[in-house]
Every structure is written in structure tokens, then in C-alpha cells.
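In the order they appear, the protein sequences are chains A and B. According to the numbering used here, the stretch in the first sequence is residues 20 to 246, in order. According to the numbering used here, the stretch in the second sequence is residues 370 to 606, in order. First the structure, in the form of C-alpha cells, and then the observations on it.
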Amino acid sequence: MQFDFIHKPCNTAVKITLQAGETCTTEAGSMIAMDSHLNVDTSTHKRGKRGILKSLKRMFAGESFFLNHYTANTESELWVSNPHPGDMIKVDLLGEKLIVQAGSFVACDENIDINTGWQGFKSLLSGESFFWLSLSGQGQVVLNSFGAIYEIDVDGEYIVDTGHIVAFEESLSFSLSKAGSSWIQSWLGGEGIICKIKGKGKLYCQSHNLMEFGKSLTPHLLPKVRG
Amino acid sequence: MKVEKLGGKAFSYIEFTLDPGQGVRTEPGAMASMDAGIDVMANMNGGFFTAILMFFFGKESFFINTFKNLSQNPQKLVVSKCSPGEIVEHKLEGETLFLQPGAFVAGSAGVKYKLSWAGISSWLAREGLFRIRCYGTGTVWYGAYGAVVEREIDGEYIVDSGHLLSYGEEMSYTIKMSGGIFSSIFGGEGLVLKMQGKGTIRLQTRSVGGLAGWLNPRFTRSGGGKLSNLLDLFGSR
């Protein structure tokens, strides 16, 4: 399976080239075009595994209830993209676990297991979703973001503003903290609570924050009429 | 200090590499991520009276953040705006640059940054009660929603409200209707800014108010039916 990204980082789409026999799993609604001879199968779970509970959990993690599985008989292509302007990246997993923020999962190959985990009650305060996806196995994963994605090799401590985490390796842990040395300064300066990432491993951040952009847009929107 | 502009024009973000002891000032909330050896201090921007006015009428926070590298090694700081768009760099050598509310992203140590009164008419045109006066010697980074367009002006020039980013010190603007009464109300432009003077102005190609105006009629007003809510729940987001 090969992934080719175009129009990064704003209007990103990915061309997935499948060899005969390969299966690609995508989030429902993310396909934009494909070869007509690809077999499409929609399920609530990974192929060959049961999991209605898993997909209910996945919904809490901000993903769709259903997953689509595309299987190729001959070499074929599948195009996948974001509903919003944003970046996409491919991450190669070599057996380690990847913790992914709600809504950032796009696609993966058949060797990846998709689970829903949680990072404790601190998630509620962190501006991130309560539930996180945890991807494991040996294979390839595609993630999306609002804003450009950049990779940080954390060794020790690193600070990320809430709403900017896309994914991190399980060898890293996060805790909530303040920006700088004082809580008051952190609040006054508009940073408030930040995430402190500790350990050794890879962290993927997004340059922009959808919640913040939403906040700047909200005062201009008309109230919804109940009817 | 090493500065790298990344993310292209659509998602501009800036990566500062601060040497030990070096600092940079930013708009509150602009930090996306940083190394743990950087400390942040919030400073009040302007006096008490300005702070009170900002609290009631302002769009901006009356604080400004100072990020300083307190460690012994170079530390990185990533800064961006909340809206997707371009961030431009402007070198100041003693002159003054006026920024519209919300445009400021960051400034190097030698740049002074003051909120100044922009007037009631500016507020009526939804341009905010204050403008930001940057002066001194150093670099200012400011950003747009959309891309940045530069125009040289000598005399008069009209800019739609919500699209102005910055202008020079020998310039000013007044608020007027875009045309006659009919064209101002029905032509979709409403109030516009009439710029006067000589110098460079920078505009943003999009405005958040414009996006909202385009989105508003597209939302389901009645809240949809039960069926469509159910489909929303199970469908893709």
C-alpha cells in the first residue's frame, strides 16, 4: 500500500494505491474518488472481528460509527481527503501504540487495530476530547488536522497548548500544567492550562486550533431557531 | 534568534529558536507548543483606563505575553494565529506601524507595542475601538485570515471593513458608506474604510465576518428532523 499526498498543508488529499489483496480501512465519509473495481464493505468494526461496543466507544472519541473497508482485486487507487482545510500525514507503526486525538483518524491498512482509550479525567480540562483513539499493530496510519502538522522528538519535557495535540506515542505521557512558572501569569496571558508531555518518543502537533477559530467565528453566527 | 516561517501561506506558523536569555513577545494564546525551558510572563498593555475600556468594548486582550529562554540551551517556540492564513514579517527601523485588532502575532525585543484609541466610528464599522501602534527597532509578525495583499497608496483608497490589516503612520481612515444608501444596504458592502495618505497598506483576502455571513443561511434553521439528527449521529462528521 502506497500513500501519496498532494496539496499539503492546506487542501491535502491522499492517493492510496492498493495492490491486489490489500485492504484499506477509512473513516466513513472520507473517500472522494476511487477505481470502480474496488470492493467496498462497511462495518462497525475491523474485518473479522466483532465490535459494536468498540464502534460505540469510537463515536465518543469523535469518529464515525461506521468504518469503510476497500479491498483491491487488482492494483487500484483510492482518494481520501478532509472535510475541512487541513494537513494529513502518514505514520508508520512498528508495534508501538499511537494515541490519536478525537477526529484525527483518516485511514489505515489491515494490520492496524483501532481501539478507544482514555487518558483520565484530565482530558476534560485539556480542551481535547474525553476519549482518544489508540492505534496499534505494524502498519501504516493516516492522520489529519486543522493546520499544518509538525513532528517533535520529545526527550524529557515538552509543552503543547491545549487543542494542538494530534497524536503521540504511548511512551509519552501528558499532564496538565501551566505555561511558565506561575499559574496567574499563564491565565492572564491567555494560555491557561497547557499540556506537559513527558518521556521519550514522537509527538505530532497541529499549528492551528479549530476550537479557537470556532470561537472567533461564533459571535458572527446567527442563533439557531428552535422549531 | 533563528526564525523560520513554515506551513505555507494557508497555515503559516513561526518557529522561533531562542538563544539563552533571549525573548519574544506574542499575542495572548498565540503559543502552539514550546520547549520546557521557556518561561512566560503576562504584562499589561496600556494603562488602567485602557484596560477598563478593553474589558467592555475591546476585541483584544489587554495583556501581552513575553516568552523568555531561561535555560542554558537554545529552546524552540512555535507560534500561530487562530485563523488559517498567511503571516508576514515586517522590519521596523524607528517608524510606526498601525495594526488592526487581532492582527498582531509576535514582536522581537526591540519593538514597542501600544494600544491606541481608534475612535467610536471605527467601533461602529466593527474594526474595534483600538488599534495597535508598533514602533521601535526590530521585527513584527502579523497575520491574516486568508492571504496578505500589499497596496501602495498616494491619496485616497477604499477598503471593505474587516479586510484591513496594517497601515503606515502617515495614513488614517474614516468610515463611510460604500455608495449611496441603496447600494450600501443592498450591495453587500455596507460600511467601508476610506484610507487617506501616502504609504503601504496591507489587506487580508478573507474576513471572518464574511465567512459567517456566507455560512449563516446554510445552517438548518429549524434544527432538522429527528431522522436527520439520527443520520448526523451515525454519519461522518
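For every residue, glycine included, the Cβ atom is placed at its ideal position computed from N, Cα and C.
Between B:E538, B:E455, B:F431, B:K460, which lies nearest to A:A167 when the distance is taken from Cα to Cα?
Ranking B:E538, B:E455, B:F431, B:K460 by Cα distance to A:A167 puts B:E455 first.
Give the single residue among A:F165, A:T61, A:W202 whose Cα lies nearest to the Cα of A:A121.
Considering only alpha carbons, the answer is A:F165.
What three-state label does DSSP hand A:T93 in the structure shown?
A:T93 falls in the coil class under three-state DSSP.
Here's a check: name, in chain order, each residue in its chain whose Cβ is nearer than 6 Å to the Cβ of A:S194, leaving out the five neighbours to either side.
Closer than 6 Å at Cβ, skipping near neighbours: K215.
Can you list the beta strand (DSSP E) stretches of 3 or more residues lying completely in the region 457-534 of chain B, in chain order?
The region 457-534 of chain B contains these whole beta strand (DSSP E) runs: 466-468, 473-477, 480-486, 499-512, 517-529.
Using only the alpha-carbon positions, how far apart do B:P470 and B:G531 sit?
Computed Cα separation, rounded: 10 Å.
Residues of chain A with CB under 9 Å from B:N585, in chain order?
Result: H239, L240, L241.
So, using beta-carbon positions, are A:Q204 and B:A379 closer together than 8 Å?
The answer is no: Cβ separation not under 8 Å.
List the DSSP bridge partners of A:E170.
The partner list for A:E170 (beta bridge, DSSP) reads A:Y223.
Between A:N163 and A:V125, is the Cβ-Cβ spacing less than 8 Å?
Going by C-beta atoms, A:N163 is nearer than 8 Å to A:V125.
Do you know whose CA, among B:E373, B:G505, B:A513, lies nearest B:R575's CA?
When only C-alpha atoms are compared, the closest one is B:A513.
Candidates A:F85, A:T36, A:Y177: which alpha carbon is nearest A:S196's?
Closest by alpha carbon: A:Y177.
Please classify B:L572 as buried or exposed, where buried requires at least 16 neighbouring CB atoms within 10 angstroms.
So B:L572 counts as buried.
Leaving out the 5 sequence neighbours to the left and right, which residues in its chain are closer than 8 Å to A:S95 when beta-carbon positions are compared?
So the list reads T36, L37, M53, D54, H56, L57, once near-sequence residues are dropped.
If we define contact as Cβ-Cβ less than 8 Å, is B:Y526 a contact residue for chain A?
For B:Y526, the answer is no, since every Cβ of chain A falls outside 8 Å of its Cβ.
Specify, as a first and last residue, the run of the alpha helix (DSSP H) that A:K234 falls within.
Where A:K234 is concerned, the enclosing alpha helix (DSSP H) stretches over 229-236.
Quick check: the Cα distance between B:Q565 and B:R500, rounded to an integer number of angstroms?
In a straight line, the C-alpha of B:Q565 is about 16 Å away from that of B:R500.
Looking at the structure shown, is B:A379 part of a helix, part of a strand, or coil, going by DSSP?
Coil at B:A379, not helix or strand.
At a cut of 8 Å, does the region 471-488 of chain B reach the region 213-227 of chain A through at least three beta carbon pairs?
No, they do not touch.
Along chain A, which residues have their Cβ under 7 Å away from the Cβ of B:S452?
Here the neighbours are F232, S235.
Assign A:H88 to one of three DSSP states: helix, strand, or coil.
Of the three classes helix, strand and coil, the one that applies to A:H88 here is strand, per DSSP.
Exposed or buried, which one is B:W510 when buried takes at least 16 other CB atoms within 10 Å?
Result: buried.
List the residues that DSSP assigns as beta-bridge partners of B:A411.
Its beta-bridge partners are B:N434.
Let me check understanding here. Comparing Cα to Cα, which of B:L446, B:L562, B:R495 lies closest to B:V474?
Considering only alpha carbons, the answer is B:L446.
Using the beta-carbon of each residue, which ones in chain B are nearer than 9 Å to A:H227?
Neighbours of A:H227 on chain B, chain order: G376, F380, Y382, A401, S449, K450, C451, S452, P453.
Which word fits B:G390, buried or exposed, when buried means at least 16 other C-beta atoms lie within 10 angstroms of its C-beta?
Flag for B:G390 reads exposed.
Do A:V173 and A:G136 have their CB atoms nearer than 8 Å?
No. Outside cutoff.
Can you tell me where the beta strand (DSSP E) holding B:Q573 begins and where it ends?
Per DSSP, B:Q573 belongs to the beta strand (DSSP E) from 560-573.
Let me know the secondary structure DSSP gives A:L57 once reduced to three states.
Coil.
In chain order, what residues of the same chain have a beta carbon less than 6 Å from the beta carbon of A:A198, not counting five sequence neighbours either side?
Around A:A198: S205, E210, I213.
Tell me which residues of the region 23-46 of chain A have at least one Cβ-Cβ distance to chain B shorter than 7 Å, keeping chain order.
For the region 23-46 of chain A, which is checked against every Cβ of chain B, the residues closer than 7 Å are P28, C29, E46.
Among all the DSSP beta bridges, which residues are the ones paired with A:N134?
A:N134 pairs with A:S153.
Under the rule that 16 or more other beta-carbon atoms within 10 Å means buried, what is A:S200, buried or exposed?
A:S200 should be labelled exposed.
Taking Cβ positions, are A:T181 and A:V99 nearer each other than 8 Å?
Their beta carbons are not under 8 Å apart, which means A:T181 does not touch A:V99 by this criterion.
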